[in-house]
Amino acid sequence: MYYEVYLDSVFLICLCMNRYLLGLTCLCLSCTATHVRLWVGAALGAVGNLLVLLVPAGAAPFRLVLFAAGLYGMAGITFRCWRGRGLVRIVESLCVCFFLLGGALTLLLKLLPGKEGWLTCSAAVLLLGAVCYEGIRLLMLRRRKNRENCRVILHGADGHSIRIEGLVDTGNSLTEPISGMPVAVLEKRVWEKLYPGQPPPGMRVIPYHSVGKSAGTLVGFPVRDMEVEIGGIRRKCGEIYVAIWQESLSETGAYNILLQPAMLEL
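Heads up: the sequence shown runs through residues 10 to 275, numbered per the working numbering.
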């Protein structure tokens, strides 16, 4: 049996699919990469795919080595991570996104009519790949938004409770320096509603770094039994610290407290 393969078409398809794959991986890991690194990484992966295709039949171990090398180079160049746990997480996310994108594209190819016609050309495959990528990307963004936005129930003095809007801030890594417990950032006006008189014991001075200010300190207090509701699911957080912010956290008032992601794991 004789097959005629156009290497330029194969390279173009691999290049674009790798670019889609790397874009989804960035969303999955909540990290950023420049467009140049994304395309260079995708191109390196496409070269690796071509080399695997050109290896003669019967050299399966060599093909696996070439595929692994291409994947390693693609991940390293795009995310600037060449070893350690970071690389493991990147490879895991790449594999998950690979099966997700490939499964969606395969399902779409099976459902649409005309497989023997226009669906066999490179342009159609790239178009369907772009549709699958955009659909998965929008779903990821929606899920991230639902995960970041939440409602928080705080319990104050004399059994008083208050429900406020919160935001899970992936950039918040504040911890109380003595115990190492995670720290949430709460607006002062909300804190004064919880404790209008004497604040609870256990005050701490919590150092922080932020954009526009190299360093500073916040006053924090221990809080027990804080409840967080995300996507209709309510969970209780263990003992944490709340740092008091003098100003409004959101210009639009969309949220009043910034949570650290580690709090949801307590």
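Ideal placement from N, C-alpha and C gives every residue a C-beta, glycine not left out. Note that the structure is predicted; figures quoted are calculated from it, not measured.
Rounded straight-line distance, which links the Cα of residue j to that of residue i
{"i": "Arg233", "j": "Arg89", "result": "40 Å"}
{"i": "Cys9", "j": "Ile22", "result": "There is simply no residue 9 to check, as the chain begins at 10 and stops at 275 in what is shown."}
{"i": "Arg28", "j": "Leu38", "result": "15 Å"}
{"i": "Phe107", "j": "Thr43", "result": "20 Å"}
{"i": "Gly93", "j": "His218", "result": "26 Å"}
{"i": "Leu16", "j": "Leu116", "result": "25 Å"}
{"i": "Leu60", "j": "Arg151", "result": "38 Å"}
{"i": "Leu96", "j": "Ile162", "result": "37 Å"}
Same chain, Cβ closer than 6 Å to residue i, neighbours up to 5 away in sequence not counted
{"i": "Val194", "result": "Ala252, Trp254 and Leu267"}
{"i": "Gly85", "result": "Trp91"}
{"i": "Asp178", "result": "Leu267"}
{"i": "Asn181", "result": "Leu267 and Gln269"}
Residues near residue i in its chain [Cβ-Cβ closer than 7 Å; skip 5 each side]
{"i": "Glu238", "result": "Cys159 and Arg160"}
{"i": "Thr184", "result": "Met190, Pro191 and Val192"}
{"i": "Lys202", "result": "Ile171"}
{"i": "Ala52", "result": "Leu24"}
{"i": "Gly211", "result": "Phe230 and Pro231"}
{"i": "Ser257", "result": "Glu196"}
{"i": "Cys141", "result": "Leu110, Ala113, Leu114 and Leu117"}
In DSSP terms, what residue i is bridged to
{"i": "Tyr250", "result": "Val192 and Pro231"}
{"i": "Leu267", "result": "Leu176 and Val194"}
{"i": "Leu163", "result": "Ile171"}
{"i": "Lys245", "result": "Glu236"}
{"i": "Thr184", "result": "Pro191"}
{"i": "Asn158", "result": "Leu176"}
Chain-order list of residues whose beta-carbon lies under 8 Å from that of residue i (same chain, five-residue window excluded)
{"i": "Ala78", "result": "Gly57"}
{"i": "Ile187", "result": "Arg213"}
{"i": "Ile99", "result": "Thr34, Leu38, Ala84, Phe88 and Cys90"}
Per-residue burial, residue i [other beta carbons within 10 Å of its own, 16 or more giving buried]
{"i": "Cys25", "result": "buried"}
{"i": "Ser102", "result": "buried"}
{"i": "Leu120", "result": "exposed"}
{"i": "Cys35", "result": "buried"}
{"i": "Thr87", "result": "buried"}
{"i": "Leu147", "result": "exposed"}
{"i": "Glu196", "result": "buried"}
{"i": "Val105", "result": "exposed"}
{"i": "Leu227", "result": "buried"}
{"i": "Ala263", "result": "exposed"}
Chain D within 9 Å of residue i, Cβ atoms only
{"i": "Ala51", "result": "In the displayed structure, chain D is absent; only one protein chain is listed."}
Could I get the ranges of all uninterrupted beta strand (DSSP E) runs contained in the stretch 205-234, with 3 residues as the minimum, in chain order?
-> 213-219 and 222-232
Continuous beta strand (DSSP E) assignments of at least 3 residues falling wholly in the stretch 65-100 = none
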